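Asker:
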């Protein structure tokens with residue numbers, strides 16, 4: 056699938072085919088996409104635990120739920136629990152020197168083994184790693200990049216995906232999560248029981264509402280021709296039809312015995 060189409064097709068799927076298994080090969084594609092994401096100091100910020108639904112007891116699954124994560128956890132065949140590793144700075148000097156030797160960090164930009172030791176690590180990485188707030192910020196941003204790529208890879212593989220909150224204390228106990236792992240999101244994965252486009256694209260505000268040019272207050276002006284091209288290429292799609300979506304949800308509720 057073309058990249059823009061993948062971005063356009065991504066939805067938060069909440070109705071999954073509970074008995075249709077997800078191939079491990081497709082999960083590996085998603086994990087590899089996360090593994091290839093941009094990452095500062097080439098650190099392994101992102102960690103994940105892949106759980107097939109039936110590997111979790113009914114009791115644990117029920118306890119993992121939150122006010123916004125409910126029946127979808129019972130329907131999805133796979134849950135990927137994403138975490139950020141707060142020990143990301145360990146081995147940073149060796150990794151940066153490796154990138155220097157490879158030329159990924161070029162000498163033209165000042166990189167050398169001495170620069171890694173005396174500047175990049177001593178003045179940037181080490182102080183950041185010792186600052187709790189800064190570390191949480193860095194880990195969260197880096198994990199977000201990786202998770203986004205995993206989601207898009209899942210869509211490209213024909214799967215439905217959806218990010219959700221989860222009870223991190225229950226997960227820590229049930230999954231044996233290390234103390235240094237910071238909980239991020241739970242990504243539910245499976246084949247959609249609802250239409251894969253889930254009724255159409257969710258509403259988004261115009262670019263000018265959030266994006267600026269040069270300085271705050273100078274709003275980004277959309278180029279109409281670009282907007283039209285993105286519609287043709289599948290990134291911008293038809294908005295949700297509330298009436299059609301209501302009919303679909305009613306049919307799904309009847310199928311799965313869910314309340315309306």
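Numbering (our numbering), first residue to last: 56 to 315.
For each residue, glycine too, the CB sits at the ideal point set by N, CA and C.
This structure is a prediction, so every number in the text was calculated from the model and none was measured.
When we look at the beta-carbon of residue 182 and count the other beta-carbons within 10 Å, is it buried (16 or more) or exposed?
Answerer: Your numbering for residue 182 matches position 127 in the chain shown. It counts as exposed.
Asker: Between the alpha carbons of residue 257 and residue 68, how many angstroms are there, rounded?
Answerer: Numbered from its first residue, the chain shown carries residue 257 at position 202. Numbered from its first residue, the chain shown carries residue 68 at position 13. Whole-angstrom Cα-Cα distance: 12 Å.
Asker: Between which two residues does the beta strand (DSSP E) carrying residue 141 extend?
Answerer: Locating residue 141 in the chain shown gives position 86, counting from the first residue. Premise fails: residue 141 is in no beta strand (DSSP E) and is neither H nor E.
Asker: By a C-beta neighbour count over all protein chains shown, 10 Å radius and 16 as the cutoff for buried, is residue 127 buried or exposed?
Answerer: Counting from 1 along the chain shown, the entry for residue 127 is found at position 72. In summary, residue 127 is buried, with 16 or more beta-carbon neighbours lying within 10 Å of its beta-carbon over all protein chains present.
Asker: Below 8 Å between beta carbons: does that hold for residue 180 and residue 96?
Answerer: Here the question's residue 180 lines up with position 125 in the chain shown. Here the question's residue 96 lines up with position 41 in the chain shown. A contact, by the Cβ cut-off of 8 Å.
Asker: State the Cα-Cα distance for the pair residue 150 and residue 57, rounded to the nearest angstrom.
Answerer: Your numbering for residue 150 matches position 95 in the chain shown. Your numbering for residue 57 matches position 2 in the chain shown. Roughly 33 Å separates the two Cα atoms.
Asker: May I ask you to list the residues that DSSP assigns as paired with residue 71?
Answerer: Here residue 71 corresponds to residue number 16 of the chain shown, with the count starting at 1. According to DSSP, residue 71 bridges with 247.
Asker: Under 8 Å by Cβ, that's how I've got residue 204 and residue 92 pegged, so tell me the actual separation to the nearest angstrom.
Answerer: Translated into the one-based positions of the chain shown, residue 204 becomes position 149. Translated into the one-based positions of the chain shown, residue 92 becomes position 37. The pair is a contact, with the Cβ atoms about 5 Å apart (cut-off 8 Å).
Asker: Could you tell me the alpha carbon to alpha carbon distance between residue 65 and residue 170, rounded to whole angstroms?
Answerer: Counted from its first residue, the chain shown places residue 65 at position 10. Counted from its first residue, the chain shown places residue 170 at position 115. Roughly 42 Å between the two C-alpha positions.
Asker: Taking its Cβ as the centre, do 16 or more other Cβ atoms sit within 10 Å of residue 221, making it buried, or is it exposed?
Answerer: Residue 221 sits at position 166 when you count from the first residue of the chain shown. Buried, because 16 or more other Cβ atoms sit within 10 Å of the Cβ of residue 221.
Asker: When you compare each of 188, 245, 229 to residue 209 by their alpha carbons, which one comes out closest?
Answerer: Residue numbering aside, residue 209 sits at position 154 when the chain shown is read from its first letter. Comparing Cα-Cα distances from residue 209 to each of 188, 245, 229, the minimum goes to 245.
Asker: Residue 106 and residue 359 - do their beta-carbons sit closer together than 8 Å?
Answerer: Since the first and last residues shown for the chain are 56 and 315, residue 359 lies out of range.
Asker: Looking only at DSSP bridge pairs, what is residue 267 linked to?
Answerer: By 1-based counting over the chain shown, the position of residue 267 is 212. Answer is 274, bridged to residue 267.
Asker: Check each candidate in 131, 123, 85, 252 and name the one with the smallest Cα separation from residue 74.
Answerer: Indexing the chain shown from 1 puts residue 74 at position 19. Residue 131 is the option with its Cα nearest to residue 74.
Asker: With DSSP as the reference, identify every bridge partner of residue 217, one or two as the case may be.
Answerer: Numbered from its first residue, the chain shown carries residue 217 at position 162. As computed with DSSP, residue 217 is found in a beta bridge with 243.
Asker: By DSSP, does residue 308 sit in helix, in strand, or in coil?
Answerer: Your numbering for residue 308 matches position 253 in the chain shown. Helix.
Asker: Could you pull out every unbroken beta strand (DSSP E) segment of at least 3 residues lying fully inside the region 128-216, listed in chain order?
Answerer: 133-140
Asker: Going by other Cβ atoms of all chains shown within 10 Å of its Cβ, with 16 needed for buried, is residue 287 buried or exposed?
Answerer: Position 232 of the chain shown holds residue 287. By the 10 Å Cβ count, residue 287 comes out exposed.
Asker: Could you tell me the boundaries of the beta strand (DSSP E) in which residue 102 lies?
Answerer: The residue given as residue 102 occupies position 47 in the chain shown. Taken as a continuous stretch (DSSP letters only), the beta strand (DSSP E) holding residue 102 covers 101-107.
Asker: If we ignore side chains and look at the alpha-carbon of each, how far apart do residue 138 and residue 230 end up?
Answerer: Residue numbering aside, residue 138 sits at position 83 when the chain shown is read from its first letter. Residue numbering aside, residue 230 sits at position 175 when the chain shown is read from its first letter. Rounded to whole angstroms, the gap between the alpha carbons of residue 138 and residue 230 is 12 Å.
Asker: For residue 119, count the other beta carbons within 10 Å of its own beta carbon; 16 or more makes it buried, fewer makes it exposed. Which is it?
Answerer: Here the question's residue 119 lines up with position 64 in the chain shown. Its Cβ being crowded by 16 or more others within 10 Å, residue 119 is buried.
Asker: CB residue 157 to CB residue 166, shorter than 8 Å?
Answerer: Locating residue 157 in the chain shown gives position 102, counting from the first residue. Locating residue 166 in the chain shown gives position 111, counting from the first residue. Not closer than 8 Å, so no.
Asker: If you run the structure through DSSP and keep just helix, strand and coil, what is residue 76?
Answerer: The residue you call residue 76 lines up with position 21 of the chain shown. Three-state result, residue 76: coil.
Asker: Can you tell me the Cα-Cα spacing of residue 273 and residue 129, whole angstroms?
Answerer: Here the question's residue 273 lines up with position 218 in the chain shown. Here the question's residue 129 lines up with position 74 in the chain shown. For residue 273 and residue 129, the gap between their C-alpha atoms comes out near 46 Å.
Asker: Could you compute how far the alpha carbon of residue 305 sits from the alpha carbon of residue 98?
Answerer: Residue 305 sits at position 250 when you count from the first residue of the chain shown. Residue 98 sits at position 43 when you count from the first residue of the chain shown. Approximately 46 Å, taken between the alpha carbons.
Asker: Since residue 285 is in the alpha helix (DSSP H), which residue starts that stretch and which ends it?
Answerer: By 1-based counting over the chain shown, the position of residue 285 is 230. Segment 279-287, the alpha helix (DSSP H) holding residue 285.
Asker: How long is the line joining the alpha carbons of residue 192 and residue 202, rounded to whole angstroms?
Answerer: The residue you call residue 192 lines up with position 137 of the chain shown. The residue you call residue 202 lines up with position 147 of the chain shown. One C-alpha to the other measures close to 15 Å.
Asker: Whose C-alpha, out of 206, 172, 148, is nearest the C-alpha of residue 216?
Answerer: As a first step, residue 216 must be located in the chain shown, where it is residue number 161. Checking every option, the nearest Cα to that of residue 216 belongs to 206.
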